[in-house]
Amino acid sequence: MSATSITIHFTLNGERVSAEIEPHHTILEVLRQQFALYGARESCGQGLCGCCTVIVNGESVSGCLYLAAMADGGEVSTVEHLDADGELDVVQQAFIECGAFQCGFCTSGFILMSRQLLDRNPDPTESEIRHFLSGNLCRCAAYPEIIEAVKLAAKMRKSAGAVPA
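Throughout, our numbering is defined as the position within the sequence shown, counted from one, plus 1141.
Structure (structure tokens):
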């Protein structure tokens, strides 16, 4: 690292961590290069596609634009954190059951955003789903399956008596 590097401390997927960063590093770069978390991916590099989505302090952010220094003292969650004791989250299960991905490049962003939507609104309408996920792009055009997966996940959560985290 250079003379301008700094150390940040944050909670990553429930564990306290530290990272040596340069002021210009994004949270996506830090997650991939220092923690080998590859679920979020850079695609457009402009925060327009949702492939790089991560959750910082409870809010989804474009990891390709969000400076890592801003996560100092905060909490960062990635798609790798959704499973519990080896069991997939219901949103992940629903995406599999509905075939809501093709190449999979955008899937982690859609899953994180879908989970955030269901945490805020356990029974969204199709219009609400479309609106909430409108910042995510799927180049394979799996949109109908993605919408069905969110609806299925809402049903699965309701039948399991899931309470939003």
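In this text, a Cβ means the ideal position worked out from N, Cα and C, and glycines have one as well.
Do residue j and residue i count as a contact pair if the criterion is CB distance below 8 Å?
i	j	result
GLY1188	SER1203	yes
LEU1223	CYS1193	no
LEU1231	ILE1252	The residue you asked about is not Leu; residue 1231 is Val in the sequence shown. No, these two residues do not count as a Cβ contact at 8 Å.
VAL1195	THR1219	yes
ALA1301	ALA1235	no
GLU1269	ASN1262	yes
CYS1247	GLU1286	no
With DSSP collapsed to three states, give me the class of residue i.
i	result
CYS1295	In the sequence on display, residue 1295 carries Ala and not Cys. DSSP places ALA1295 in helix when its eight states are reduced to three.
PHE1236	helix
GLU1163	coil
ARG1173	helix
GLU1289	helix
For residue i, collect the residues of the same chain with a Cβ closer than 7 Å to its Cβ; drop the 5 residues on either side in sequence, then sort them by chain order.
i	result
TYR1179	ARG1173
ALA1312	In the structure displayed, the chain extends from 1142 to 1306; residue 1312 sits before or after that span and is not available.
ASP1213	ILE1149, HIS1150 and PHE1151
Output needed for residue i: all residues of its chain with C-beta closer than 6 Å, excluding positions within five of it in sequence on either side, in chain order.
i	result
LYS1256	The sequence given here places Arg at residue 1256; Lys does not occur at that position. Correct list, in chain order: VAL1232.
SER1146	GLU1161 and GLU1163
Suppose only complete runs of 3+ residues qualify. What are the beta strand (DSSP E) ranges in the segment 1194 to 1276, listed by chain order?
1194 to 1197, 1200 to 1203 and 1216 to 1218
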